[in-house]
Amino acid sequence: MNRGGRFNEILLALGNRNYRIYTLGNICSHLGMWAYRIALQWLTWKLTGSAFWLGAIAMADLFPTVILAPLAGAITERVNRIGMMRFSIIFTSLQAGILAYCCFAGTITIEIVFAMALSLGIVLAINHPIRLVIVPNMVRRDALPSAVAINALIFNVARVAGPSIAGGLIVAAGDDAWILGVGLVFIFNCFGNIAFTFALFSIHVKQNIFNSLEAPLNLIPSEIIAGFRYTFAHQGLGAIMIILFIVGICGRTYIDLFSGFVETIFGLGADALGLLVSSVGVGAVLGGFWLAQRGRIEGLTRIVLLNILILGLVLIIFALSQNFYIAVFAVLIGGFSMTVAGTGEHTLIQASVDEKMRGRVVSLYGAISRGCPSLGSLIMGWIADYTGLRLPIAGGAVICILVWFYFYHKRGSLIGALELQPKIKTS
Numbered sequence: 016m017n018r019g020g021r022f023n024e025i026l027l028a029l030g031n032r033n034y035r036i037y038t039l040g041n042i043c044s045h046l047g048m049w050a051y052r053i054a055l056q057w058l059t060w061k062l063t064g065s066a067f068w069l070g071a072i073a074m075a076d077l078f079p080t081v082i083l084a085p086l087a088g089a090i091t092e093r094v095n096r097i098g099m100m101r102f103s104i105i106f107t108s109l110q111a112g113i114l115a116y117c118c119f120a121g122t123i124t125i126e127i128v129f130a131m132a133l134s135l136g137i138v139l140a141i142n143h144p145i146r147l148v149i150v151p152n153m154v155r156r157d158a159l160p161s162a163v164a165i166n167a168l169i170f171n172v173a174r175v176a177g178p179s180i181a182g183g184l185i186v187a188a189g190d191d192a193w194i195l196g197v198g199l200v201f202i203f204n205c206f207g208n209i210a211f212t213f214a215l216f217s218i219h220v221k222q223n224i225f226n227s228l229e230a231p232l233n234l235i236p237s238e239i240i241a242g243f244r245y246t247f248a249h250q251g252l253g254a255i256m257i258i259l260f261i262v263g264i265c266g267r268t269y270i271d272l273f274s275g276f277v278e279t280i281f282g283l284g285a286d287a288l289g290l291l292v293s294s295v296g297v298g299a300v301l302g303g304f305w306l307a308q309r310g311r312i313e314g315l316t317r318i319v320l321l322n323i324l325i326l327g328l329v330l331i332i333f334a335l336s337q338n339f340y341i342a343v344f345a346v347l348i349g350g351f352s353m354t355v356a357g358t359g360e361h362t363l364i365q366a367s368v369d370e371k372m373r374g375r376v377v378s379l380y381g382a383i384s385r386g387c388p389s390l391g392s393l394i395m396g397w398i399a400d401y402t403g404l405r406l407p408i409a410g411g412a413v414i415c416i417l418v419w420f421y422f423y424h425k426r427g428s429l430i431g432a433l434e435l436q437p438k439i440k441t442s
């Protein structure tokens, strides 16, 4: 397809009133959320100076997804999706407002930060699968690929811009009033999600689109168990989930320890933190564009394994670096490899899964891909409090390299299980 044709497909998706409004609100929400995560990380480090607490807050933010995602996947088929999404975004606005108030009033404590992060993590664990499935309810089938691609692009661009906004606001407040800068970031997140709330209430989707599953609620546990059995009995899907689990814990946790690296290793401030996180986002955007342009399944298993190796190597460079700009370049490459590997894994899952099991397998994928990095952050943070920040990152990188070595020698069977299926495109 030529470039003009691809641009026309993007216009086709944005030509839908509901999706266009949703996209504008989604931009505001993602910008606010990425700014919030940087402010939360900086606030945690300033209050405690503890790598363990950095990991604990990251776990509170994301780990509920591990526990609740399989249940949330079943609930998604039984509720009014847009109604649940409105509730979760309203809650996100209120949570950000409470944190901002505590910062401005000088009453913020690490216990409040943890409680607020955990409460939002629980709500977003329910919201995450709804966000994955709601787009098909707004666009025609022929516009769905471009709509999904637009969502991914928004996410990764916000990953770049959000941390820069957070760093700018904190730096503008000054070293003596840094907590006011953090409060301003929370206000920014609050208003971003208020804008998304208005967008969601402006969307008019016919209620009959949300067809509740007729199966009784008491079948949910057996449905979840059947999904687990199918996944790990499948030669390719089971291997992908194991790779996701190990690399998620050992190779994707470094971002949550950036605050400690910036201040204790490089002796810099919040603007440097924003640059470091934004560099990961730039790499992620580049990786997503490259994989979308590639556009085919063949050879994707090898690409996933290669990028796990690259991720391990650049994390060793990052962990041992004495120069901040070398670290920035290393995490940029890391963002590229992490996105190519993660998106490639997701594509291979979608290409090889049985249609009847798709929802449950994708929910399990979401639980592992979102929850394991937060569990890894807690583990790495705990280790870092005893050994320093460099050792756990380097050790996790070595484990990623060992994962590559093990599964590279099994690549033939993985290719047969994951790629030799009815072919679909990645974009």
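For the sequence shown, this note's numbering begins at 16 and goes up steadily by one. Just so it is clear, CB atoms sit at the ideal spot from N, CA and C, and this is done for glycine as well.
- Message: Suppose contacts are defined by Cβ-Cβ distances below 8 Å. Is residue 183 in contact with residue 392 by that definition?
- Response: no
- Query: Taking just the CA atoms, how far does residue 366 sit from residue 322?
  - Reply: 19 Å
- Query: Just checking my contact of residue 67 with residue 400 at CB under 8 Å: how many whole Å lie between their CB atoms?
  - Reply: 5 Å
- Query: Between residue 433 and the rest of its own chain, which residues show a CB-CB distance below 6 Å, the 5 nearest in sequence each way excluded?
  - Reply: 251, 316, 363, 367
- Would you mind giving the Cβ-Cβ distance between residue 99 and residue 141, rounded to the nearest angstrom? I have them listed as a contact below 8 Å. 7 Å
- Message: Going by C-alpha to C-alpha distance, which of 239, 104, 80 sits closest to residue 376?
- Response: 239
- Message: For residue 427, count the other beta carbons within 10 Å of its own beta carbon; 16 or more makes it buried, fewer makes it exposed. Which is it?
- Response: So residue 427 counts as exposed.
- For residue 108, which option in 200, 73, 343 has the closest C-alpha, if you only look at C-alpha atoms? 200
- Query: Going by C-alpha distance, which of 330, 320, 349 is nearest residue 430?
  - Reply: 320
- Message: Going by beta-carbon coordinates alone, are residue 303 and residue 166 separated by less than 8 Å?
- Response: no
- Query: Taking just the CA atoms, how far does residue 275 sit from residue 47?
  - Reply: 23 Å
- Query: Around the Cβ of residue 417, are there at least 16 other Cβ atoms within 10 angstroms (buried) or fewer (exposed)?
  - Reply: exposed
- Message: Output needed for residue 409: all residues of its chain with C-beta closer than 8 Å, excluding positions within five of it in sequence on either side, in chain order.
- Response: 330, 331, 334, 335
- Query: So, helix, strand or coil for residue 225, using DSSP?
  - Reply: Any reading at residue 225 must be qualified, since the residue scores a pLDDT of 41, below 50, and its modelled position is unreliable; the value itself is stated next. In the structure shown, residue 225 sits in coil (DSSP, three-state: anything other than H, G, I, E or B).
- Message: Residues in the same chain with beta-carbon distance under 7 Å from residue 223, minus the five sequence neighbours each way, listed in chain order, please.
- Response: Note on residue 223: pLDDT 39, under 50, position unreliable in the model; no value is reported.
- Task: Closer than 6 Å by C-beta to residue 412: which residues in its own chain qualify, once you throw out the five before and the five after it? Chain order, please.
- Result: 327, 330, 331
- Which residues bound the alpha helix (DSSP H) around residue 418? 405-423
- If you follow the alpha helix (DSSP H) that residue 267 is part of, which residue opens it and which one closes it? Residue 267: not part of any alpha helix (DSSP H); DSSP gives it neither H nor E.
- Roughly how far, in whole angstroms, is the beta-carbon of residue 54 from the beta-carbon of residue 185, given that I think they are within contact range, below 8 Å? Separation of the CB atoms of residue 54 and residue 185 is rounded to 7 Å, and the pair is thereby assigned contact status at 8 Å.
- Three-way DSSP call (helix, strand, coil) for residue 31 in this model: coil
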